[in-house]
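Going by my numbering, the sequence shown opens with residue 7, and the numbers climb by one from there. From the three backbone atoms N, C-alpha and C, an ideal C-beta is built for every residue, glycine too. Only one structure is covered here, and it is reproduced in the block below.
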Amino acid sequence: MEIEVDGLSKRYGQVSALDGVSFTVRPGMVTGFVGPNGAGKSTTMRVILGLDAADGGRALVGGRPYRTLRDPLRAVGAMLDASAVHPGRRGRDHLRWIAHSAGLPKRRLNEVLSQVGLSESAARRRVGGYSLGMRQRLGIAAALLGDPRVLMLDEPVNGLDPEGIVWIRGLLRSLAAEGRAVLVSSHLMGELEGTADRLVVIGRGRIIADASVPELLAAA
Ligand code: ADP
Ligand code: ADP
């Protein structure tokens with residue numbers, strides 16, 4: 007399954023958040039989505055997920071708009087805002103809630119917790135006491151629950167310690183090696199250089215570059 011974004015435009019009042027954004031996220035690769043804060047990365051991801059409507063253009067997942075997918079959690083796993091979980095909720099209960107509402111088997115909870123390196127005892131604690139790195143891990147666990155073909159993570163490296171950064175690189179590489187399409191955003195170009203196969207660079211709502219990492223490095 008791939009993500010196809012074609013000519014997206016989006017305004018918030020006077021602000022043009024997206025202005026003709028097109029790119030493709032292919033299976034078996036990590037695609038880095040890079041640009042400064044306010045460039046339009048989160049808006050693009052929200053539009054792909056149907057959480058926000060574009061004024062023009064279209065976004066398709068496996069050839070269909072997200073909202074028409076028959077089994078959306080098994081098609082697309084996303085983490086848009088790791089800090090959005092209710093602070094009073096326990097990590098495990100957050101995952102259980104999503105698994106339950108999506109009809110996913112309970113064993114997936116333990117699988118994704120070990121995949122993201124959250125211990126049993128961490129999962130029993132309330133999210134309000136989590137570090138940002140632990141919230142990122144919980145958000146990624148939630149995105150992985152449906153064993154999705156497409157993964158979309160907004161700034162997952164934020165708040166991770168050096169060990170966490172090494173871990174997430176390995177995780178993203180192995181998810182892509184399993185044939186998944188992985189889209190991961192960052193406001194820091196260098197952050198994804200060693201992880202992504204391809205970089206889509208966005209600035210002020212426009213795609214500035216879209217090339218393989220070796221191509222981009224050769225051009226720089
Ligand atoms: P990024 O994820 O790259 O930091 P965003 O997609 O969040 O960028 O924002 C793109 C532009 O759209 C920015 O100028 C931002 O201020 C604006 N924007 C995003 N969401 C909203 C919103 N809900 N209301 C008004 N402006 C918004
Ligand atoms: P609490 O009292 O701990 O906040 P609730 O079950 O009342 O727990 O949840 C509060 C709100 O958050 C509800 O509207 C629920 O639908 C929503 N919610 C809970 N978990 C999630 C989740 N994982 N993803 C999205 N929404 C959630």
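A60 is the residue among I104, P42, A60 whose C-alpha sits nearest the C-alpha of T50. In the three-state scheme derived from DSSP, where H, G and I count as helix and E and B as strand, V91 is classed as coil.
Bounds of the alpha helix (DSSP H) holding E117 are 113-121. Placement of the Cβ of S48 at a distance of less than 7 Å from at least one heavy atom of ligand 1 is found.
In the displayed model, L66 falls within a strand according to three-state DSSP.
If you keep only unbroken alpha helix (DSSP H) runs of at least 4 residues inside the region 117-152, you get 126-130, 138-150. A direct Cα-to-Cα measurement between G196 and A224 gives close to 15 Å. Listed in chain order, the non-local C-beta contacts of R143 below 8 Å within the same chain comprise V122, G123, L124, G170, local neighbours out to five positions each way being set aside.
In this structure S137 is exposed. Its beta-carbon is surrounded by fewer than 16 other beta-carbon atoms within 10 angstroms. V27 sits in a strand when the DSSP states are folded into three classes. Distance from R80 to G152 at the Cβ level is roughly 4 Å; contact confirmed, criterion being Cβ atoms closer than 8 Å.
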